[in-house]
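Heads up, the thing below is written out as structure tokens.
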Amino acid sequence: MYEANYSEVSQFVFLGLSTYRPVQHFLLAFSTVFYVTIVLGNLLVVFTVTFDPYLHSPMYFLLANLSFIDLCLSTLTVPKMISDLQSGHRTISFQGCVIQIFALHVLGGSEMVLLVSMALDRYVAICKPLHYLTIMSPQMCILLLSGAWAVGLIHSVTQLAFVIHLPFCGPNEIDSFYCDLPWFIKLACADTYRMEFMVTANSGLISMGTFFSLLISYVFILVTVWKRSSGGLSKAFSTLSAHITVVVLFFVPCIFVYVWPFPSVPVDKFLAILDFVITPILNPIIYTLRNKDMKMALKRLSSQLLSLRMIS
């Protein structure tokens with residue numbers, strides 16, 4: 001068993017994305033603008049779906065929860081990155097690093113299951129439209145959401161239970177802007193081959209399995225629609241293209257980080273920008289600007305706010 005005195009390292013130092021000052025200034029402006037957009041965009045989706053009765057359907061219920069998780073994922077890492085770029089003080093406590101890893105994997109695991117749930121929703125809506133409201137009942141939606149959070153929690157606790165007792169005695173530099181298991185394990189003062197294998201088997205295989213399962217399900221939906229009516233294929237593809245875009249942007253960085261967790265070239269930290277900055281912005285854009293119901297809901301919401309302002 002590992003020694004109990006594993007916390008000799010009381011804090012970790014982030015090396016960040018770049019040590020070149022002009023690049024840091026650009027990253028500071030870039031991340032600040034994008035994070036504000038992430039907060040406003042995803043909160044807009046959540047509030048619109050919550051307060052507009054016309055959007056109280058399974059698809060928008062799942063979408064609002066996806067926006068909430070995306071907002072939490074960004075908030076978990078981006079504000080810290082902004083603070084580090086601004087102050088130059090790029091440290092995190094040992095406990096803070098563990099908490100960040102825990103929350104990251106809870107949210108990441110939950111989003112994977114939620115994306116599967118959204119694929120199921122689209123399958124039922126496209127392939128079994130007459131039974132849609134029966135299958136995707138409010139009880140089923142709550143069950144899917146509860147299952148997503150339960151899977152994320154179990155996934156995160158399972159991984160941390162194996163690595164939390166690793167001894168850390170230096171070095172303490174993390175070549176990234178946030179804490180995650182591959183870099184955390186790499187800094188341990190012990191033989192971590194089994195831990196690396198466990199991370200790959202757990203996070204890597206789950207990411208790959210979920211990703212390819214989703215792609216196969218989308219192909220199955222398109223083939224089913226094509227067999228029934230070739231004219232509906234373009235409509236179905238238009239509906240699914242948004243989901244496919246989100247799935248690819250979310251899973252590609254995950255697969256790269258966890259299937260090949262210790263690359264010689266640290267490109268994984270740049271790919272992480274997709275998960276924490278780019279995808280959370282694209283979700284509200286894709287699901288609002290390309291969705292007639294969301295556009296109408298936003299118009300109703302803006303008109304209601306305008307009328308309330310005029311009355312006051």
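So that you can map any letter, position 72 of the sequence shown is 72 in the UniProt record's numbering, and since no number is skipped, the others follow by simple counting. For each residue, glycine too, the CB sits at the ideal point set by N, CA and C. Treat the numbers as computed from the prediction; the structure is a model and nothing was measured.
Helix, strand or coil: how does DSSP classify residue i here?
i, result
"E196", "helix"
"V46", "helix"
"S203", "helix"
"F94", "helix"
"D173", "This sequence places Glu at residue 173; Asp is not what is there. Strand."
"V157", "helix"
"Y2", "Per-residue confidence for Y2 stands at a pLDDT of 43, beneath the threshold of 50, marking its modelled position as unreliable; the derived number appears in the next sentence. If DSSP states are grouped into helix, strand and coil, Y2 belongs with coil."
"V36", "helix"
"V223", "helix"
"A151", "Per the sequence shown, residue 151 should be read as Val rather than Ala. Correct three-state label for V151: helix."
"V9", "coil"
Does the beta-carbon of residue i have 16 or more other beta-carbons within 10 angstroms, so that it is buried, or is it exposed?
i, result
"S203", "buried"
"E111", "buried"
"H56", "exposed"
"N5", "At N5, the pLDDT of 44 sits below 50, so the modelled position is not reliable; the number obtained from the coordinates is stated separately. Per the 10 Å Cβ criterion, exposed."
"T50", "exposed"
"I164", "exposed"
"Q304", "exposed"
"H131", "exposed"
"S216", "Note that residue 216 is Ile in the sequence shown, not Ser. By the 10 Å Cβ count, I216 comes out exposed."
"Q159", "buried"
"I69", "buried"
"I273", "buried"
"P253", "buried"
"D191", "exposed"
"Y193", "exposed"
"H89", "exposed"
"V23", "exposed"
"Y35", "buried"
"T19", "exposed"
"V113", "buried"
"T279", "buried"
"G209", "exposed"
"S87", "exposed"
"V40", "First, the residue type needs correcting, since residue 40 is Leu and not Val in the sequence shown. With fewer than 16 other Cβ atoms within 10 Å, it is exposed."
"L115", "buried"
"L214", "buried"
"L133", "exposed"
With C-beta atoms as the reference, is residue i less than 9 Å away from residue j?
i, j, result
"F94", "V9", "yes"
"C97", "F184", "yes"
"L28", "I101", "no"
"F211", "F251", "yes"
"L107", "K269", "no"
"P284", "S67", "yes"
"T37", "I281", "yes"
"G147", "I206", "no"
"M198", "F162", "yes"
"V78", "V246", "no"
"I271", "V259", "A small correction: the amino acid at residue 271 is Leu; Ile does not occupy that position in the sequence shown. Not closer than 9 Å, so no."
"L153", "P171", "no"
"A236", "V248", "no"
"L301", "D84", "no"
Using a Cβ-Cβ cut-off of 7 Å (strictly less than) and excluding sequence neighbours within five positions of residue i, which residues of its own chain qualify?
i, result
"T32", "I82"
"I244", "Y218"
"M136", "P58, D121 and V124"
"L104", "L76 and D180"
"E173", "V13 and L15"
"L306", "none"
"W149", "S110"
"A64", "V45, V46, V49 and T50"
"M1", "With a pLDDT of 42 at M1, under the threshold of 50, the predicted position of this residue should be treated as unreliable, though the coordinate-derived value follows. For M1, where only same-chain residues beyond five positions count, there are no Cβ hits under 7 Å."
Apart from the five residues on each side of it in sequence, which residues of its chain come closer than 6 Å, Cβ to Cβ, to residue i?
i, result
"I92", "F12"
"F61", "C141"
"I221", "Y123 and I126"
"L144", "S117"
"L240", "Y218"
"N42", "S67, D70, L71 and P284"
Can you name, in chain order, every residue of its own chain whose Cβ lies under 8 Å from the Cβ of residue i, other than the five neighbours on each side?
i, result
"D293", "Y54, L55 and Y60"
"L298", "L44, T48 and T288"
"M195", "F162, V163, L166, I185 and A188"
"M296", "Y54"
"D175", "L15, W183, P266 and K269"
Are three or more beta carbon pairs between the stretch 72-81 and the stretch 121-129 nearer than 8 Å?
no
Any contact between the stretch 282-289 and the stretch 39-49? By contact I mean 3 or more CB pairs, one from each, below 8 Å.
yes
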